[in-house]
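Letter 124 of the sequence shown, counting from 1, is numbered 124 in UniProt numbering, and no numbers are missing.
Backbone N, C-alpha and C fix where the C-beta goes; we use that ideal spot for every residue, glycine too.
I have placed the structure first, in the form of structure tokens, so that the comments after it can refer back to it.
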Amino acid sequence: MDDEEADELFDVLSSETRRNVYRTLFDEPATASELATRVDTSVQNVSHHVSVLEESTLIEPVGRRYSEKGNEMIVYGPTSDPLVFVGQEEIRPRLERSLSEVVAGIAILGVGALFVQWGVYGLFSPTGPGSTGIDPASHTSATDGTQGLLAWLVFEAGEPGVVFFFASLLVAGLASLALQR
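Laid out in structure tokens, this is it:
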């Protein structure tokens, strides 16, 4: 939607009654008299707002009904999905702060994953200091017991740094969900 179309749309929806009529039609299509009851105004007022909304192609006739007196009435409904406008200025600083916190957290996890990757291969390689005899490339023979399973998970199923990163991301996500409740 370009600026001119947006200006026209904002102009059409500048009336509170018109916005209420438009919003009400998303709940259920209705005739002008039904809309008048729902938004608590006169049928003449609703008819005016309906004609403006119809000219702007925000609503359209979607059917016909007959009144108790036998008069044919047009049923109006929205032409598309509800409009969503994003951009409230008071939300922007909070959103930017939240986004920067998430990016910073992921960056910290990434750096931590690099240190884990470096540390595991440095500590557990047969030639490195503190060698335990578990070689990342040849530990498949040590599949018995908990140590063998852990070694398989860390070295075969994924790189240690990657396992650390995703496990930490999962824990952070679960903690975030728990804090929101």
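| Item | Value |
| --- | --- |
| Just to confirm before moving on: does the CB-CB distance between Val21 and Ala36 stay below 7 Å? | no |
| Name the DSSP beta bridge partners of Ile59, please? | Pro78 |
| Alpha carbon to alpha carbon, how far is Asp3 from Arg64? Give it in angstroms, no decimals. | 35 Å |
| Output the distance between the C-alpha atoms of Arg94 and Ala172, rounded to the nearest integer angstrom. | 20 Å |
| Would Leu25 pass as a contact of Pro78 if the rule is Cβ separation under 7 Å? | yes |
| Quickly, what does DSSP pair Tyr66 with across the bridge? List them, please. | Glu72 |
| Determine the contact status of Pro160 and Val120, defining contact as a CB-CB distance below 7 Å. | yes |
| Going by DSSP, which residues form a beta bridge with Ala172? | Answer is none; Ala172 lacks a bridge partner. |
| Roughly how many whole angstroms lie between the Cα atoms of Gly112 and Arg92? | 30 Å |
| Tell me which residues share the same chain as Asp11 and place their Cβ nearer than 8 Å to its Cβ, disregarding the 5 neighbours each side in the sequence. | none |
| Starting from the C-beta of Val52, find all residues in its chain whose C-beta is less than 7 Å away, skip the five residues before and the five after it, and write them out in chain order. | Val12 and Arg18 |
| Rank Val39, Gly122 and Glu28 by C-alpha distance to the C-alpha of Ser15 and give the top, closest one. | Val39 |
| Between the beta-carbon of Phe165 and the beta-carbon of Leu109, is there less than 7 Å? | yes |
| Using only CA atoms, which one of Asp7, Leu174, Gly105 and Thr31 lies nearest to Tyr76? | Thr31 |
| List the DSSP bridge partners of Ala30. | Tyr76 |
| Measure the C-alpha to C-alpha separation of residue 185 and Leu169 and round it to an integer number of angstroms. | Residue 185 is absent from the structure shown; the chain starts at 1 and stops at 181. |
| Looking at the structure shown, is Thr24 part of a helix, part of a strand, or coil, going by DSSP? | helix |
| Expressed to the nearest angstrom, what Euclidean distance is found between the alpha-carbon atoms of Ala6 and Ser56? | 12 Å |
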